[in-house]
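Asks: In the numbering used here, the protein residues as written are 150 to 836.
Structure incoming, see below.
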């Protein structure tokens, strides 16, 4: 058993975020290895990563789930949180951001900051945690530190500045220059050598330090006056004190350089993490649901929030928690704020990838894993007595729905349980049953996320599932008045069946279904009128034109006849169905489609492409707005059938920079040719 973490001020929680392929996992593996937490350097490319251990991750060579990589460096505990860089798994990155005090953006030295970097930068800004950047892969062909940092400053502003510069580029990259301490670092074998700065890099290092001093001086008015107005140089101690403060307050965004594969710059990065990255108590207070705030504090009752849930085939459900106050210990009881019930804690674990170790205490600010809790999920708060409820993590809304079903009868019973287990792990997945279309609908952030669910069903639960075309909830209605008789007469040898009614149907815009009784003179006895209404209601549910529900129809029963012996409720229900279908077929029936309202947020450069695309899918633009410079919000309406899978489409036409919200607010008539195809398809499916 490990003895747990050091005190709160010696904990650093750092989440690695950024675009896919920038080398986040490789960097985490390098840190683990150099800190002695792993015996060998894990490799994503070679399939033996400690953090990307899931079979799907190994096969795809990409991170799909958040992983923890705790390590010890110079007496500090550093919790590295590795997250996916692909947009379909943004929820995992958001969870990591909620658990950390520092977002370390990993940027490829060849590609520079990409779309997911910008998206997550905004999330980190909204959450209120400090940001830093590490430019990785400086040993690659076409790598350029100057280009990468210029692009970072263009996107994120002048507060982005270098605290390290590279010793060489591409194949000549052989180490880093630390402009805080004005030393050069070169990694060779298992050790890092510290030397004076080579003469040919001295001028660049001095310029970088001057820029650094200018940026961080803003963190202290007195020192800024001393430096800018009086022209005095800051002492080394003043610079380091300012740097710590400026990073924590977001005044300055430090930029580091490295190659995770060759290990150049990684050990120095660890030095800077423990020296200058914010400790847990410097984080902005966490919001309490219903009002109020809570700071990270070692004192007070034990409070922890769950930022991730996962299922392990052998251990069961694991809840990843961050301790906000007090100390978390094994064999204790905590209240779940959502359920109001106590959860009995057995083991408390530390986890590296999938390998767990028991710990005997977890102080405020630290991260841990709790196995086998009865009913605790992502977003829940656990507390000792007061049932504190922290505001849940703001996960992105899933917008990509698919219909899912078991391939075989044998898998039908297992599918529901397996899907629930997977959805419990991932708050960006939503599972519903559409009673109208009789489909089980799984909604995620995109097609890749859904594909991974299918693979996990197969690998973890041995359930074979497939996707089915999502049925659009069309409606039927009528456009004019019509009348028809429904007569049901049947003689079976014993008592017969007889029902006879005349119905008038007419449009009822916005009024839904309305039934009117206009029978006079006892043409239909009172006790059979409800049966007529019921027969119409049952027919409306399944429609007449193509099997879709009918809406906005007024039905009047105004005449009929009966038999004193053979008439019954069933007979009049049947007669009503016949009359309603016959009248509807004469009443100019039309098919209605759901119309989606979209609010699409895109950079200025893509607004024209989005508007053109909306027009091409039978949509219309309702208006535009510019909430801030460089950003346009396009409000539009389009048939839901055309935008049901808009997520990957928008990603494609905006190079991943667009986002949107969607809602169904109205129905409109389907154009004739398209309606004919939909009706024919519905009849074929029924047959």
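Cβ coordinates follow ideal geometry from the N, Cα and C atoms, glycine included.
(1) Taking only three categories from DSSP, how would you classify residue 222?
(2) Would residue 289 be called buried (16 or more neighbouring beta carbons within 10 Å of its own) or exposed?
(3) Quick one, which of 779, 800, 738 has its alpha-carbon nearest residue 828's?
(4) List the endpoints of the continuous beta strand (DSSP E) containing residue 202.
(5) With a CB to CB cut of under 7 Å and the five nearest residues on each side skipped, what residues in its chain are close to residue 690?
(6) Would you mind stating whether residue 704 and residue 626 have Cβ atoms separated by less than 8 Å?
(7) By the DSSP assignment, the beta strand (DSSP E) with residue 520 in it spans what residues?
(8) Can you list, in chain order, the residues of its chain whose CB lies under 8 Å from that of residue 674, leaving out five sequence neighbours each side?
(9) Could you tell me the distance, in whole angstroms, from the CA atom of residue 152 to the CA atom of residue 510?
(10) On the CB-based measure, 16 or more other CB atoms within 10 Å of its CB, does residue 297 come out buried or exposed?
(11) Looking at the unbroken alpha helix (DSSP H) that takes in residue 298, where does it start and where does it end?
(12) Find out if the Cβ-Cβ distance for the pair residue 283, residue 406 is shorter than 8 Å.
(13) Pull up the distance between the alpha-carbon of residue 427 and that of residue 363, whole angstroms please.
(14) Is it buried or exposed for residue 216, if we count other Cβ within 10 angstroms and need 16 for buried?
(15) So which of 322, 781, 649, 604 has the shortest CA-CA distance to residue 206?
(16) Just to confirm my understanding: we take residue 203, look at its own chain, exclude 5 residues before and 5 after, and list those with CB closer than 8 Å. What are they?
(17) Quick check on DSSP: helix, strand or coil for residue 427?
(18) Which two residues bound the contiguous alpha helix (DSSP H) that contains residue 705?
(19) Provide the residue(s) that pair with residue 340 in DSSP beta bridges, ordered along the chain.
(20) May I ask you to report which of helix, strand or coil DSSP gives residue 797?
(21) Run through DSSP, which three-state label would residue 765 get?
(22) With respect to the beta strand (DSSP E) encompassing residue 524, which residues constitute its N-terminal and C-terminal limits?
(23) Quick one: is residue 336 near chain E, going by C-beta distance under 8 Å?
(24) Entirely within the region 224-273 and at least 3 residues each: give me those beta strand (DSSP E) ranges in chain order.
(25) Looking at the secondary structure, which residues open and close the beta strand (DSSP E) in which residue 459 lies?
(26) Measuring alpha carbon to alpha carbon, tell me which residue in 259, 565, 222, 174 is nearest residue 160.
(27) Who are the Cβ neighbours of residue 645 in its own chain at under 8 Å, not counting the five residues just before and after it?
(28) Is the region 716-735 touching the region 680-696 in the sense that three or more CB pairs, one from each, lie closer than 8 Å?
(29) To the nearest angstrom, how far is the alpha carbon of residue 495 from that of residue 477?
(30) Roughly how many angstroms separate the alpha carbons of residue 504 and residue 824, rounded to a whole number?
(31) Determine the direct distance from the alpha carbon of residue 780 to that of residue 150, and round the result to whole angstroms.
(32) Taking just the CA atoms, how far does residue 620 sit from residue 278?
(33) For my contact list, residue 247 and residue 431 are in at a C-beta cut-off of 8 Å; report their separation, rounded to the angstrom.
(34) Beta-carbon separation of residue 549 and residue 740 under 8 Å?
(35) Cα separation between residue 801 and residue 577?
(36) Tell me, which residues are paired with residue 583 by DSSP?
Replies: Checking against the coordinates, here is how it stands:
(1) DSSP places residue 222 in strand when its eight states are reduced to three.
(2) Classification for residue 289: buried.
(3) Among 779, 800, 738, the Cα nearest to that of residue 828 belongs to 738.
(4) No beta strand (DSSP E) holds residue 202; DSSP gives it neither H nor E.
(5) Setting aside the 5 residues that flank it on each side, residue 690 is surrounded in the same chain by 698, each with a C-beta closer than 7 Å to its C-beta; the list follows chain order.
(6) No, the Cβ-Cβ distance between residue 704 and residue 626 is not below 8 Å.
(7) Here the beta strand (DSSP E) through residue 520 covers 516-520.
(8) The beta carbon of residue 674 sits closer than 8 Å to the beta carbons of 711, 716 from its chain, once the five residues preceding and following it are set aside; these are given in chain order.
(9) Reliability fails at residue 152, whose pLDDT of 44 lies under 50, so the model's placement of it is uncertain and no value is given.
(10) Buried.
(11) Where residue 298 is concerned, the enclosing alpha helix (DSSP H) stretches over 294-305.
(12) Between residue 283 and residue 406, the C-beta gap is smaller than 8 Å, which places the two residues in contact.
(13) Straight-line Cα distance between these residues: approximately 21 Å.
(14) Burial state of residue 216 is buried, judged by a 10 Å Cβ sphere holding 16 or more other Cβ atoms.
(15) Looking at the Cα atoms, 604 is the closest of the given residues.
(16) Around residue 203, the same chain offers 213, 214 as residues with beta carbons nearer than 8 Å, after the five sequence neighbours per side are excluded.
(17) In this structure, DSSP gives residue 427 a state outside helix and strand, which the three-state scheme calls coil.
(18) Note, residue 705: premise wrong, no alpha helix (DSSP H); beta strand (DSSP E) at 702-710.
(19) Answer is 337, bridged to residue 340.
(20) DSSP places residue 797 in helix when its eight states are reduced to three.
(21) Three-state DSSP puts residue 765 in a helix.
(22) From DSSP, residue 524 is part of no beta strand (DSSP E); its letter is neither H nor E.
(23) Reference to chain E is not applicable here, since this structure consists of a single protein chain.
(24) DSSP assignment within the region 224-273 yields the following whole beta strand (DSSP E) runs of 3 residues or more, N-terminal first: 225-231, 251-257.
(25) Looking at the DSSP string, the run of the beta strand (DSSP E) that includes residue 459 is 452-461.
(26) Minimum Cα distance to residue 160 is reached at 222.
(27) When the five nearest sequence neighbours on each side are left out, the beta carbons in the same chain lying within less than 8 Å of the beta carbon of residue 645 are those of 638, 639, 712, 714, 715, in order along the chain.
(28) Output reads yes: the region 716-735 touches the region 680-696.
(29) CA-to-CA, the gap between residue 495 and residue 477 works out to about 11 Å.
(30) One C-alpha to the other measures close to 57 Å.
(31) Note that residue 150 scores 42 on pLDDT, short of 50, meaning its location in the model is unreliable; the coordinates nonetheless yield the value given after this. Their backbone Cα atoms lie some 52 Å apart in a straight line.
(32) The alpha-carbon atoms of residue 278 and residue 620 are separated by roughly 42 Å.
(33) Between residue 247 and residue 431 a beta carbon distance of about 16 Å is seen, past the 8 Å cut, so the two are scored as non-contacting.
(34) No, the pair does not count as a contact, with Cβ atoms beyond the cut-off.
(35) Residue 577 has its alpha-carbon roughly 21 Å from the corresponding atom of residue 801.
(36) Answer is 588, bridged to residue 583.
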